[in-house]
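Protein chains in written order, with our numbering: chain C, 1 to 116; chain F, 1001 to 1109. The beta carbon of each residue, even a glycine, is placed where N, CA and C say it ideally should be.
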């Protein structure tokens, strides 16, 4: 149980376009979802925390207008990278938990974004 | 200095060897996670600890809250254990995961 999926698993796009990444909890309802970014050989960096039905809380330095997060249901959160640039190329990972951050987080498989 | 430090950064072992990865933290926490990240990037949550010791198969995780230290042990290591192991804590005063830098483990056959 407790499976989290992400779609797509990888995407290549042209500079200036927008890319949407989906994160789904397949067999449980996730009250909270988290979006992370990971650059090569670096650790994960939290971008934002998303609670179902409310606005996401962004970490310092993360542009909320560039990284749009929507958590419309208890099983789906989306991250849209708007007007992507090559420096946005990274590995984006979501995680989901049942009851906020004190509960176990279940991680998705990640989405590798390459912006040309 | 990072709030969560892992050692070693890299570790190479022969198949069958006992492996220990250490995690020290400098903040009060409510829980500590051990995560495994395979070369493809996917992350698996191995353990969540707030005290004591947990065991799952060949993996054992311990935590000493007073000493602010946790260890992850792999017994009878196998090449499929090759991965990056990440320690992450949830601060007592906050609600987010703070990550260590990871330990890259390579188990040779």
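Residue of the options minimising C-alpha distance to residue i
i, options, result
"residue 1050/F", "1030/F, 1015/F and 1013/F", "1030/F"
"residue 1103/F", "1075/F, 1037/F, 1047/F and 1085/F", "1085/F"
"residue 109/C", "1056/F, 1045/F, 1078/F and 1001/F", "1045/F"
"residue 64/C", "81/C, 54/C and 42/C", "81/C"
"residue 42/C", "1015/F, 1106/F, 1038/F and 1101/F", "1101/F"
"residue 51/C", "33/C, 60/C and 25/C", "33/C"
"residue 1064/F", "1009/F, 1002/F, 1025/F and 1015/F", "1025/F"
"residue 16/C", "95/C, 86/C and 76/C", "86/C"
"residue 74/C", "98/C, 57/C and 94/C", "98/C"
"residue 107/C", "1035/F, 1010/F and 1061/F", "1035/F"
"residue 1006/F", "1076/F, 1048/F, 1072/F and 1082/F", "1072/F"
"residue 22/C", "69/C, 105/C and 84/C", "69/C"
"residue 1033/F", "1097/F, 1107/F and 1106/F", "1097/F"
"residue 1015/F", "1076/F, 1008/F, 1003/F and 1091/F", "1076/F"
"residue 1052/F", "1010/F, 1070/F, 1027/F and 1079/F", "1070/F"
"residue 10/C", "19/C, 78/C, 53/C and 66/C", "19/C"
Minimum Cβ-Cβ distance from residue i to chain F less than 8 angstroms
i, result
"residue 24/C", "no"
"residue 58/C", "no"
"residue 109/C", "yes"
"residue 43/C", "yes"
"residue 113/C", "no"
"residue 105/C", "yes"
Partner residues on chain F for residue i, Cβ-Cβ distance less than 8 angstroms
i, result
"residue 39/C", "Here the premise fails: no neighbours, minimum Cβ distance about 12 angstroms."
Per-residue contacts from residue i into chain C (C-beta, under 9 angstroms)
i, result
"residue 1097/F", "34, 36, 44, 46, 95, 101 and 105"
"residue 1086/F", "43 and 44"
Contact set between residue i and chain C, taken where Cβ atoms lie within less than 7 angstroms
i, result
"residue 1101/F", "43"
"residue 1043/F", "93 and 107"
C-beta neighbour in chain A for residue i, strict 8 angstroms
i, result
"residue 92/C", "No chain A appears in the structure shown, which is made up of the protein chains C and F."
Contact test: residue i Cβ vs the ligand COA heavy atom, cutoff 7 angstroms
i, result
"residue 1047/F", "The ligand COA is not part of this structure, which contains no ligands at all."
Discussion item. For a minimum of 3 consecutive residues, which ranges assigned as the beta strand (DSSP E) are wholly contained in the segment 73-111 of chain C?
Written reply: 76-81 and 90-97
Worksheet item: In the segment 1049-1068 of chain F, which residues sit with their C-beta less than 7 angstroms from some C-beta in chain C, listed in chain order?
Response: none
Fill in: alpha helix (DSSP H) runs contained entirely in the segment 1049-1073 of chain F, provided each spans 4 or more residues
none
Worksheet item: Closer than 9 angstroms, Cβ to any Cβ of chain F: which residues of the segment 65-99 of chain C, in chain order?
Response: 91, 93 and 95
Discussion item. So within the segment 1015-1040 of chain F, which uninterrupted beta strand (DSSP E) runs reach at least 3 residues, ignoring any that extend past its ends?
Written reply: 1019-1025 and 1029-1037
Worksheet entry | Complete beta strand (DSSP E) runs within the segment 7-78 of chain C (minimum length 3 residues, chain order) | 10-13, 19-25, 32-38, 45-51 and 67-73
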